[in-house]
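Worksheet: the structure to be examined is printed underneath.
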Amino acid sequence: EADALEDDAFEDDTAMREYREKRIAEMEHQARKTLYGELLHLPASEYAREINQAPAGVWVVLALRCAGKLCDRLVEALCGAARRHPRVKFVCMVATACIPNYPEANCPTILLYRSDELLGQFTGPRSVGLVGTDSAADERAVLSALANVIDFESLEPRPPC
1 EADALEDDAF EDDTAMREYR EKRIAEMEHQ ARKTLYGELL HLPASEYARE
51 INQAPAGVWV VLALRCAGKL CDRLVEALCG AARRHPRVKF VCMVATACIP
101 NYPEANCPTI LLYRSDELLG QFTGPRSVGL VGTDSAADER AVLSALANVI
151 DFESLEPRPP C
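When the sequence shown is numbered by the UniProt record's numbering, its final residue is 161 and no position is left out of the sequence of numbers.
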């Protein structure tokens, strides 16, 4: 009878350990899913820390902006995109603060980094998807452009066309 009680206790310990490990894995998975969720406005001094030193495997969508309505529309679209894709880090910087003498004609620009490697670039309003005047369409168009590089489900890079 003592052996049976020991076996039951061992099975209970094993079941509890398995449950705890499963629950911890679920919590870690959930925490990874909601890392960001908002557009971060950064000064140039934080570029290296926030972009170059981002955790391995994390996508960083960097918007370079200048003053103007098109850049304001991109910022608005990226705010919505950041809420939809909280595992992707969306950041925005003033273009000339980030890259001295950056041509205003190239704004807005989106740079896509993963593990400190530039994997995609969209320069100018048409390439980032800003063609009409509808702000709801802007977010869809920007996400569509980004989806050419990022698979938002797996967070893996898409193969070049």
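The beta carbon of each residue, even a glycine, is placed where N, CA and C say it ideally should be.
Tell me where the alpha helix (DSSP H) around Glu50 begins and ends. No alpha helix (DSSP H) contains Glu50, which DSSP labels as neither H nor E.
Would you check if the distance between the CB atom of Leu130 and the CB atom of Gly120 is smaller than 8 Å? No, these two residues do not count as a Cβ contact at 8 Å.
Near Glu21, which residues of its chain fall below 6 Å by C-beta distance, leaving aside the five closest residues on each side in sequence? Nothing listed; no residue qualifies.
If contacts are defined as beta-carbon pairs under 8 Å, then Ile110 and Val94 qualify, I think. What distance do you get, rounded to the angstrom? In fact, because the Cβ distance is near 14 Å, the residues do not count as touching under 8 Å.
Put Gly80 into one of helix, strand or coil per three-state DSSP. Residue state, collapsed to three classes: helix.
Please return the same chain residues whose Cβ sits closer than 6 Å to the Cβ of Tyr36, not counting the five positions on each side in sequence. Here the set comprises Pro86 and Lys89.
Where does the unbroken beta strand (DSSP E) through Glu104 begin, and where does it stop? Counting along the chain, Glu104 falls outside any beta strand (DSSP E), and DSSP gives it neither H nor E.
Along the chain, which unbroken stretches of the beta strand (DSSP E) at least 3 residues long are found entirely within the stretch 111-139? List check, beta strand (DSSP E) in window: 117-123.
Skipping 5 residues on each side, what residues in its chain have a beta carbon closer than 7 Å to that of Asn52? Once the five neighbours on either side are set aside, the close Cβ partners of Asn52 are Asp116.
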